[in-house]
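A quick write-up on the structure given underneath.
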Amino acid sequence: MEILEVDHCIIGGSPVGLTLALLLGKQGKRVAVLERNQDFSTIKGGVVIQPKTLELFEHMGILNKLENVSEKILGVVEYSGQKTLFDAMYSSNANLKHPFALGISNANLQESLLSLVALEKNIVLYPNTSIQNLREMATNKYEVVADFSGELKVIKPDLIFACDGKFSKTREMAGIQAEIEEFDQVSVIMKIKRPTNWSAKIRLYHGKNRLFAIPLKDNYLYLIYLISKKELDVLKGLSMNALINELINLEPELKECLATIKTWDSVLSIPFYSAKPEKWSNRNVVLVGDSAHAVHVYGGQGMNMALLDCTLLARLCEEVQDYGLVGKHFEEIRKPFTTEFQDKQQLYLDNSNGDDLNKSIYADNFSSLVIGQSLEIPIVINR
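In our numbering, the protein residues as written are 674 to 1056.
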């Protein structure tokens, strides 16, 4: 088998994997990114990039580009019936360099990152490439055996980063056990036109279930309705009006715009899982993002936490000489924060199944949700 020698191998070419590759490539490291799909651009869904994460993209030089293909979100507001539970602008937080968030499609985020990767001679992308095995070496490292479009090759890196999600094959092959738990609540997602004079804020409605309304570019709105799997099954057995009426009851302004949703073909339902591995690294394999700490969509932090993982890992790779200690230090610094978030999130999800419709998720947690964990951006990306 052909042998490829690199400094770092990243399994998974999502925005998280590409961001990590760019940070490491700027350090002069040779980086291979393996993606099982035929095309790195094959990516769906969207994300709200929180203000603290925007600092990372500013340092990478693509914040202006992202602003051009996204919607600027200026704050959040939370309702229970006619009562406003919480209403705040990002600008009310003096610690934010950028007092806004961005609502962006994953496709646009990915395209922007790929444009940077194309300029980096140290980064090589391998589409249609899937990991087959992690082979133990006498040097206390793993090497990667992968299928490159039907041809088996071996990659010998110093570090292997598992950016392949909550059901990570890399994590499994590295012998790291993980507790994977499916949440009872699923997200029912629709994309509709925005009502006239809709504010540039994320809206959260409390009722029998919770509804998030997130502004998107070109006057669209992303609706995320959180309901139990059992309720979803019941709704799918009824006419489309049953779902539409539940949403209109939460926000009557949506009535006209929801008229375009006529069948379940226009609706996406997504289950969510938490991932809690026993450890975040083994030998030279390090878990990143969802493979280390998958969370529910509630609070909008999954992608943001993963992207901030990248800033810390890049700094550690620059500062820590022993590759075997990178994962250890990463877990020591990062895990207390992600565990606290997972615990808080579970608490709010449990409360959302109860009768307390006046329980705000933002009132006590606005700053922590907006800022996340303040991690130093690696200076090396300015080179």
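Glycine residues also receive a C-beta, built at the ideal position from the N, C-alpha and C atoms.
Residue state for N955 is assigned as strand, using DSSP reduced to three classes. Here the segment 803-813 makes no contact with the segment 989-996; the two share fewer than three CB pairs at distances below 8 Å. Under the criterion of beta carbons closer than 8 Å, F713 and L782 do not qualify as touching, at roughly 12 Å.
A distance of 7 Å or more separates the beta carbons of E744 and K874. Cβ atoms of W953 and A965 come within 8 Å of each other, at about 5 Å.
With the rule of 3 Cβ pairs closer than 8 Å, the segment 898-918 counts as touching the segment 852-864. The shortest CA-to-CA distance from I900 to any of P830, Y971, I887 is the one to Y971.
Looking at the backbone, the Cα of M762 and that of Q700 are separated by about 37 Å. The count of Cβ pairs closer than 8 Å, one atom from the segment 737-754 and one from the segment 997-1014, stays below three, leaving the stretches out of contact.
Residue environment analysis places I722 among the buried positions, since at least 16 neighbouring C-beta atoms fall within 10 angstroms of its C-beta. According to DSSP, Q1019 shares a beta bridge with no other residue.
In the structure shown, H966 falls within a helical segment according to DSSP collapsed to helix, strand and coil. Assignment of P888 by DSSP, reduced to helix, strand and coil, places it in the strand class. For secondary structure counted as the alpha helix (DSSP H) over 4 or more consecutive residues, the segment 909-934 holds these complete runs in sequence order: 913-923, 928-931.
Residue nearest to L729 within the set L758, Q1019, L769, N955 is L769 (criterion: CA-CA distance). Membership of K842 in the alpha helix (DSSP H) is indicated by the continuous run 842-846. Non-local beta-carbon contacts of P830 in its own chain, meaning distances under 6 Å to residues more than five positions away in sequence, involve V679, H681, C682 in chain order.
Secondary-structure assignment with DSSP links D760 through a beta bridge to V750. In the DSSP annotation of this structure, P724 is not part of any beta strand (DSSP E); the continuous alpha helix (DSSP H) holding it starts and ends at 724-733. It is roughly 9 Å from the alpha-carbon of E824 to the alpha-carbon of T802. In the displayed model, R988 falls within a helix according to three-state DSSP.
In the DSSP assignment, V790 falls within the alpha helix (DSSP H) that extends over 779-790.
One thing to note: Y815 has its Cβ no nearer than 7 Å to the Cβ of V959. Taking a contact as a CB-CB distance under 8 Å, the pair I828 and A819 counts as one, their CB atoms being some 6 Å apart.
Secondary structure of H681 (DSSP, three-state): strand. Rounded to the nearest whole angstrom, the C-alpha separation of L923 and G880 is 7 Å. Note on geometry: alpha-carbon atoms of A835 and D938 lie some 33 Å from one another. Counting the other CB atoms within 10 Å of its CB gives S764 a total below 16, which places it among the exposed residues. Collapsing the DSSP output to three states places F945 in coil. In this structure, V961 is the residue among P868, P888, V961 with its C-alpha nearest to the C-alpha of A987. Closest in alpha carbon position to F1003, among Y1021, L981, G719, is L981.
Within 10 angstroms of the beta-carbon of S841 lie 16 or more other beta-carbons, which makes it buried. Residue Y898 holds the alpha-carbon nearest to the alpha-carbon of V940 among Y898, S822, Y878, Q850. Here G823 carries a coil assignment [DSSP, helix/strand/coil].
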